Amino acid sequence: MEIPHSQLSDKALRAIIEEFVSREGSEYGPIEFSFEDKVDHVIKQLERGEVVVTFDAASETCNLIPSC
C-alpha cells in the first residue's frame, strides 16, 4: 500500500528515510556522500515524486521504492 509522504509526521518520515539510506549495499556511485546528504537526496526524490513510501501490512514494514 502506498502512503503519501506528506501524511507522515516529519519524525516518522525521517526514520523511514534514515533506515533506508543506512542499509548495507546502498550504492550512490563513485562519489562519497555523507549520511545527511543521502537523507536530503531521498527527501528531494520524494518531493519530485520519483520515490514513494510503501507499507506492507503482512510484515508491518515501510519501504521506499521508485514510483511507477
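Residue numbers are given in the numbering used here: position 58 of the sequence shown equals residue 57, and the series is strictly consecutive.
Even for Gly, the Cβ is constructed at its ideal location relative to N, Cα and C.
Owing to the predicted nature of the structure, the values given are computational and were not obtained by experimental measurement.
- Residues Phe34 of the same chain have their beta carbon placed closer than 8 angstroms to that of Ser21, with the five preceding and five following residues left out of the count.
- Per DSSP, the unbroken beta strand (DSSP E) holding Ile64 starts and ends at Thr60 to Pro65.
- In the three-state reduction of the DSSP assignment, Ile42 falls in the helix class.
- Between Val51 and Ile64, the gap from beta carbon to beta carbon is short of 8 angstroms.
- Taking 8 angstroms as the cut-off, the Cβ atoms of Glu1 and Thr60 do not count as close.
- By the neighbour-count definition (other C-beta atoms within 10 Å, threshold 16), Ile15 is a buried residue.
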